[in-house]
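Notes to accompany the following structure.
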Amino acid sequence: MLIQIHFIQNHSPANLNRDDIGVPKTCYFGGVLRSRISSQCLKRSIRRSVHFADLCQGVRTRRLAQLVSEGLDASHRRTAEDVMASLGYGSKGKAKTEDDGDVSETSDSLIYTTKTAIEKMQECFRSRGSKSASELAAEFAELISRHTSAPDMALSGRMLEPAGSGKDAWKGRDKTVEAALQVAHAISTHEARPEVDYYVAADDIPGDDPGAAFVNEALFASACFYKYFSIDPDQLRRNLGTEEAREAATRTIGAFIRAAALTTPSGKQNSFAAHNPPDGILLEFRATPISYANAFAKPVDTSLRDITAQSIAQLAHYVRDLDVGLGSQGVDRLWYSPNLRYPLTVIENEVETELTASNYRSLDDLVGDVVGRLGHYWATPVPGVR
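Number 339 in my numbering belongs to position 355 of the sequence shown; there are no gaps in the numbering.
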């Protein structure tokens, strides 16, 4: 059974996710240009949010040698880099240490491991005895392969691609963690084109020049997004692999739902402050994954009603159409809208019908019910308080 989460979220002017030249990301869908937020951007903003902080135990870095050698003797830094080279993660840049020796600043590629594995690696150094770098590399590879129970890694998965030089160290070890989470690129429910903000900065101490001290342009867009997430609780439990995996998986799912609802990407937020929560969350327990993005293949017509209401209406009617066409047996649906501001209903033969039997005014009530259905009690965490 999968947990499917569908968001309708309207953002004020923003540049939440931009390309290499600063333009808000876009795509063509349904024949028109849409605003877009990449899945990578969404996942990172959730993983690094205060609402997921207690569960963010993974470390993704090119500076593993530096992390492992922290708190150890200075000589261990160079050995740590030799070990990383044996693992197939050789150096890229060079930096000076306190003893002016040339050492590697970063490896060529990212490695994703856990804080627990790093602590175990440090213990290996402290008790290394006469072990060579290649022997330590084999131990490190085993630690990286075995310690995969960080909730963020269990959700997002891991794929390691070490260079051929590390083949011996990784031989017989599973480097991959199959993701329990799938995330779609968020797309606007309507046509959306980036706009240009022409702005200036004045000099507080003016001279003879009456002009602005600084002139520039920035691009932005305002869009109502459809977001889609799919979680496989069974895969999540397998990835966590602990004796308390069921409870840990349930806690992770609850924290993820809250973080996804309460977190927005950080792109240019100091300039736009587009911290807009979702107006509708449809959560489903179902056997097969189904995205409702095609509800918006025809862009939302804002002349009918406000853009959020029309987006939710199109979502509801598309869900109803699929129920009729494919059947809805075994699908359990929950709907949240703040204070039930927007109902999830369809109108057929002039009769308005709710699509969900479970409707929530409060996000915490929604999360609590989801966690309860998974067999556990949910206590809403307070960010920063443990």
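Glycine included, C-beta positions come from ideal geometry on N, C-alpha and C.
Quantities reported herein were computed from a predicted structural model and do not represent experimental measurements.
Per DSSP, the bridge partner or partners of residue i
i, result
"V355", "V355 pairs with nothing; no bridge assigned."
"E338", "T329"
"H(-10)", "Y212 and L266"
"R317", "E268"
"Y183", "N200"
"Y344", "Y320"
"I95", "T45"
Where residue i falls: helix, strand or coil (DSSP)
i, result
"I30", "helix"
"D66", "helix"
"S255", "helix"
"Q219", "helix"
"A207", "strand"
"N278", "helix"
"N260", "coil"
"L350", "helix"
"T248", "coil"
"V87", "Confidence at V87 is low in this model, with a pLDDT of 47, below 50, so its placement is unreliable and the value that follows should be read with caution. Of the three classes helix, strand and coil, the one that applies to V87 here is strand, per DSSP."
"R289", "coil"
"E228", "coil"
"L71", "coil"
"G191", "coil"
"V303", "helix"
"G113", "coil"
"E82", "Per-residue confidence for E82 stands at a pLDDT of 45, beneath the threshold of 50, marking its modelled position as unreliable; no derived number is given."
"H60", "helix"
"R242", "helix"
"R235", "helix"
"G309", "helix"
"M(-15)", "coil"
"A176", "coil"
"H360", "coil"
Assigned exposure category for residue i - 16 Cβ within 10 Å defines buried
i, result
"V184", "exposed"
"V199", "exposed"
"M137", "buried"
"I189", "exposed"
"Q24", "exposed"
"Y182", "exposed"
"A64", "buried"
"E107", "exposed"
"M105", "buried"
"I95", "buried"
"R345", "exposed"
"A49", "buried"
"N237", "The sequence shown places Ile at residue 237, not Asn. Buried, since its Cβ has 16 or more Cβ neighbours within 10 Å."
"P8", "buried"
"A197", "exposed"
"C11", "exposed"
"A271", "exposed"
"T98", "buried"
"T132", "buried"
"V372", "Since the displayed the chain opens at -15 and closes at 370, residue 372 lies outside it and no answer follows."
"H259", "exposed"
"V180", "exposed"
"G309", "exposed"
"L288", "exposed"
"E201", "exposed"
"M143", "exposed"
Original post:
So does the segment 272 to 286 actually touch the segment 296 to 307, counting three or more Cβ pairs closer than 8 Å?
Top reply: yes
**OP:** Output the residue ranges of the alpha helix (DSSP H) runs that lie fully inside the segment 125 to 174 and measure 4 residues or longer, sorted by chain position.
**Re:** 135 to 140 and 151 to 154
**OP:** Just list the beta strand (DSSP E) runs in the segment -7 to 55, keeping only unbroken ones of 3 residues or longer that don't cross its boundaries, in chain order.
**Re:** 10 to 13, 16 to 21 and 42 to 45
Original post:
Three or more beta-carbon pairs under 8 Å between the segment 318 to 328 and the segment 262 to 276, yes or no?
Top reply: yes
**OP:** Assess, as a yes-or-no matter, whether the segment 8 to 18 is touched by the segment 230 to 249 under the definition of 3 or more beta carbon pairs within less than 8 Å.
**Re:** no
Original post:
Three or more beta-carbon pairs under 8 Å between the segment 124 to 143 and the segment 169 to 181, yes or no?
Top reply: no
Original post:
Are the segment 35 to 48 and the segment 213 to 224 touching by the rule of at least three beta carbon pairs closer than 8 Å?
Top reply: no
Subject >> Cβ contact (3+ pairs, closer than 8 Å) linking the segment 210 to 221 and the segment 150 to 161 >> reply: no
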